[in-house]
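First residue of the sequence shown? That's 125 in my numbering, and the numbers climb one at a time after it. For every residue, glycine included, the Cβ atom is placed at its ideal position computed from N, Cα and C. Model, not experiment: these values are computed from the prediction. Worksheet: the structure to be examined is printed underneath.
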Amino acid sequence: MIIPKTFFRVSNSCLIVEDSCGKARIQMPAGLGARLRPRHGLVIAEWNEQEQVGEVSGIGLVVGVNQADSEAELQYCPVNITLKPNPSGRRYWRNPFLGFAKEVVGRYMLEDLFHEQFEGMEDLSFQATRSTGVDRGGACTGGYVYVLKSDYGYKIGKTVNIKSRTRLFEVKLPFVTAIESYAWFDDYTQAESSLHRKFSAKRTEGEWFDLDSNDLKYISSLGDQIRIEGL
């Protein structure tokens, strides 16, 4: 397999998991898109201020970067490890993303970790970095675009299995959530990306947005809306 030589860290809120150990996407924080490339390694982790450690929930091999939509595609695997930075490195963990220095990569044994988790994946295909939107040539995937409500705002996401995704939220998110609305789209990736662009000025973090009632009404006018009672 290809072992990354360059590693970055982003927070859990950037991650959109597609399955338990497979394909995933991240919403790239501002500035990361100019640096992230296919074959780079990505560490998904939250900074624990009280314990002064990074709590890693997953790692990913970058297989594609779409700068136009500020998204990257990963070969993803969940893990549960803790990284303890030196006092001089703690401040970087408070940033939206960080790039690991070579000596830090060695100290954290990131190359060994990626080799262990992704061994045997020699047939991965890597995409060219896209700086503008691309024509899909009519090859679209249908699925659901949903709006998830919480006390911290609204998440706009996509899934092919809405029931599985809601169960995942119940397990993964440490706060109460509820589906505000969801709809079927013949091209759910394009639909989700267009909403992310439309509300980019209201983005608070990752896929979370500070939406108002007019925004929610607009979203509910799109696609083939489905009654929430059916969940």
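Of all alpha-carbon atoms in S317, T328, T283 and S318, the one lying nearest the alpha-carbon of I303 is that of T283. The three-state secondary structure of I150, taken from DSSP, is strand. Pairing I127 with V228, the inter-Cα distance amounts to about 16 Å. Within the model, the alpha-carbon separation for V269 versus Y312 is close to 6 Å. Going by DSSP, Y278 is part of the beta strand (DSSP E) stretching over G277 to T283.
Under the DSSP assignment, Q199 falls in the beta strand (DSSP E) whose first and last residues are E195 to L207. Here K273 carries a strand assignment [DSSP, helix/strand/coil].
In the DSSP assignment, V180 falls outside any alpha helix (DSSP H) and within the unbroken beta strand (DSSP E) covering V177 to N190. Its chain contains G277 and K279 as the residues whose beta carbon lies nearer than 6 Å to that of W332, once the 5 sequence neighbours on both sides are disregarded; these appear in chain order. For D236, the number of other beta carbons within 10 angstroms of its own is below 16, and it is reported as exposed. Under the DSSP assignment, E235 falls in the alpha helix (DSSP H) whose first and last residues are L234 to F242. Nearest in C-alpha terms to Q191, of all of G281, K147, L207 and S317, is S317. Under the three-state reduction of DSSP output, I303 falls in the strand class. A contact is defined here as three or more CB-CB pairs under 8 Å, and the segment 213-222 meets this definition with respect to the segment 145-165. Contact between the segment 176-187 and the segment 197-206 is present: three or more C-beta pairs spanning the two stretches fall below 8 Å.
Going by C-alpha positions, S181 is about 28 Å away from Q314. DSSP places F293 in the uninterrupted alpha helix (DSSP H) bounded by I286 to K296. Shown here for K326: same chain residues with a beta carbon closer than 7 Å to its own, the five before and five after excluded, namely F333, D334 and L335 in chain order. Annotated three-state conformation of A315 is helix, per DSSP. No Cβ-Cβ contact shorter than 7 Å links S212 with E170. The C-beta separation of F309 from G267 comes to about 7 Å, placing the pair in contact by the 8 Å criterion.
For R149, same chain residues with a beta-carbon under 6 Å away, outside a window of 5 residues either side, are I140, E195 and E197 in chain order.
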